[in-house]
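Trainee: Can you read through this structure? Questions will come right after.
In the working numbering, the protein residues as written are 44 to 318.
This is the structure in C-alpha cells:
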C-alpha cells in the first residue's frame, strides 16, 4: 500500500491534511493515511464501476423479478457505504504491518526475476481463490451465517450495487486472503495493488446478472462468473468460489449455471425444430 500512500500523499494528504508537517513514516500518520485511502478509495472503486456496470451491463428486467425488493438499489447502497468505513478500519489494522516491512511485498521485479513474477500471478490467484472458497463456505455455517453473512443474502436477485453490500466483518473476511498471501510468499507491490483492484471489479461483475460466458471450453469449465454466483444467491449452498470453479468441484458444491443450461436447452430445442 505504500505506492498508493505515496500518490495520495503527493496529491492530497500532504497539502490538504498534514500541511507537510508530519513525516510520512510517522506511525500515527500511516494509520490515518491507510484508513483514508481504504475508505475513500474503496468507496470510489465500488461506486464508479458499479454505476457503470448497472447502466451498461445489468439487465433491468431483473428488477421486475418477484424476488427483487422494492427500493433494493438504495438498500444495497446504504449497506455498502455504511460497511466500507468499518471494513477500512480492519484492513488498516492489517496493512500497517505490511507498510512496516513485515510482509514479503517487494519493489523490483529483478529481486526475484521475471519468471518468478509471472509464476506469482498464478500462485496469487490459486492461493487466494482457495482461501476465499473455504472462508465463504464457513460463513454459511449456521452461527457465522446468522451473525455475519446473512445480510448479503438478503439480495436473492442482486444488482452490481450488491457486490459490497454485506456486514463489514463479512467483507473483511473474504478479502483477508489477499493480505495473508503477502505474508506467505513474495508478491510485487504493483501486482498486489492490481490484484486488489481486480477483485473489486470482479466482485461487481459477478453480481450484475450478465451471463456472458467465454466460448472456450476450458474457460467455461474454469471461470466462476455472474451466472454461477447468481445461482449461489438463489440456491444458497452452491458456487462459493471467487474466480474459479475448481474448489467448488473439489468440495462438491459446484452447480452448472441454471441460466446457461436453460439457454443451451432452448438453443438445442430450436435447432431440433429446424432440422
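Here a beta-carbon is modelled for each residue, glycine too, at the ideal position from N, C-alpha and C.
Kindly indicate the opening and closing residues of the alpha helix (DSSP H) around residue 298.
Mentor: Here residue 298 belongs to no alpha helix (DSSP H), and DSSP marks it neither H nor E.
Trainee: Could you check the C-alpha separation between residue 182 and residue 206 for me, to the nearest Å?
Mentor: Looking at the two C-alpha atoms, the distance is approximately 16 Å.
Trainee: Is it buried or exposed, residue 273, if we count other Cβ atoms within 10 angstroms and call 16 or more buried?
Mentor: It counts as buried.
Trainee: What number of angstroms, rounded off, separates the C-alpha of residue 295 from the C-alpha of residue 73?
Mentor: Rounded to whole angstroms, residue 295 to residue 73 spans 43 Å at the Cα level.
Trainee: With distances taken between CB atoms, is the gap from residue 398 to residue 123 smaller than 8 Å?
Mentor: Lying outside 44 to 318, the shown extent of the chain, residue 398 is not represented and no answer is given.
Trainee: Look at residue 167 and residue 224 and say whether their C-beta atoms are less than 8 Å apart.
Mentor: Contact: yes.
Trainee: According to the Cβ coordinates, are residue 202 and residue 110 closer than 8 Å?
Mentor: No, the pair does not count as a contact, with Cβ atoms beyond the cut-off.
Trainee: Contact defined as beta carbons within less than 8 Å: I believe residue 267 pairs with residue 287. What is the distance between those atoms, to the nearest angstrom?
Mentor: Contact flag correct, Cβ pair sits at about 6 Å.
Trainee: On the three-state DSSP scale, how would you describe residue 278?
Mentor: DSSP places residue 278 in helix when its eight states are reduced to three.
Trainee: Identify which residue in 265, 48, 269 has its Cα closest to the Cα of residue 169.
Mentor: That would be 265, whose Cα lies nearest to the Cα of residue 169.
Trainee: If you run the structure through DSSP and keep just helix, strand and coil, what is residue 320?
Mentor: The chain is shown only over 44 to 318; residue 320 falls outside these bounds and no answer can be derived.
Trainee: Does DSSP put residue 266 in a helix, in a strand, or in coil?
Mentor: Looking at residue 266 - three-state DSSP - the assignment turns out to be strand.
Trainee: Would you mind working out which of 191, 66, 134 sits nearest residue 77, comparing C-alpha positions?
Mentor: When only C-alpha atoms are compared, the closest one is 134.
Trainee: By alpha-carbon positions, which one of 107, 148, 284, 127 ends up nearest to residue 173?
Mentor: Taking only the C-alpha atoms, the option nearest residue 173 is 284.
Trainee: Pull up the distance between the alpha-carbon of residue 112 and that of residue 66, whole angstroms please.
Mentor: Their Cα atoms are separated by approximately 49 Å.
Trainee: What is the DSSP secondary structure of residue 63, counted as helix, strand or coil?
Mentor: In the structure shown, residue 63 sits in coil (DSSP, three-state: anything other than H, G, I, E or B).
Trainee: On the three-state DSSP scale, how would you describe residue 100?
Mentor: Reduced to three states, the DSSP call for residue 100 is coil.
Trainee: For residue 215 versus residue 119, is the C-beta spacing smaller than 8 Å?
Mentor: For residue 215 and residue 119, no; Cβs fall outside 8 Å.
Trainee: In angstroms with no decimal places, state the Cα-to-Cα distance between residue 309 and residue 106.
Mentor: In a straight line, the C-alpha of residue 309 is about 23 Å away from that of residue 106.
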